[in-house]
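Data first, discussion second: the structure below is written as structure tokens.
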Amino acid sequence: MSVKLRTAIGQEIPTHGIMRVNLEIGSRVFRHEVIAADITEEVILGMDVIKRYGFNLDLKKDVLRTDNEEIPFSDTVNDVLKIHICENVTLPSCQKL
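The numbers in numbering that gives the first Met the number 0 rise by one with no breaks, and the one at position 60 of the sequence shown is 59.
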């Protein structure tokens, strides 16, 4: 499967494949398929995730609602998340893990 990412200005971002990861959103953890790429900037939570897990956007309060939880929108990066693999792994382009 060929996966292409582009920046807001249309520049292509090289990808390294697709992998399933645990996404922690508020106090909940979800197993979700993501595209592996060298991106150091903030990312946007896509509508696919928002719809799939039943989140609601409250734009008046600037929060993401889940069940009984309100998660404030962030204007800054509080944590930088990097994935480190503790063994040598060759990941062919656009492969599922």
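Ideal Cβ positions, reconstructed from N, Cα and C, are used throughout, including at glycine.
Per DSSP, reduced to three states, the secondary structure at I49 is helical.
Secondary structure at A7: coil, using DSSP grouped into helix, strand and coil.
The beta carbons of F72 and Y52 sit about 17 Å from each other, so the pair does not count as a contact at 8 Å. For E40, the secondary structure class from DSSP, reduced to helix, strand or coil, is coil. Beta-bridge analysis with DSSP links V2 to no other residue.
Around R27, the same chain offers T65 as residues with beta carbons nearer than 7 Å, after the five sequence neighbours per side are excluded. The alpha-carbon separation between R19 and G45 amounts to approximately 16 Å.
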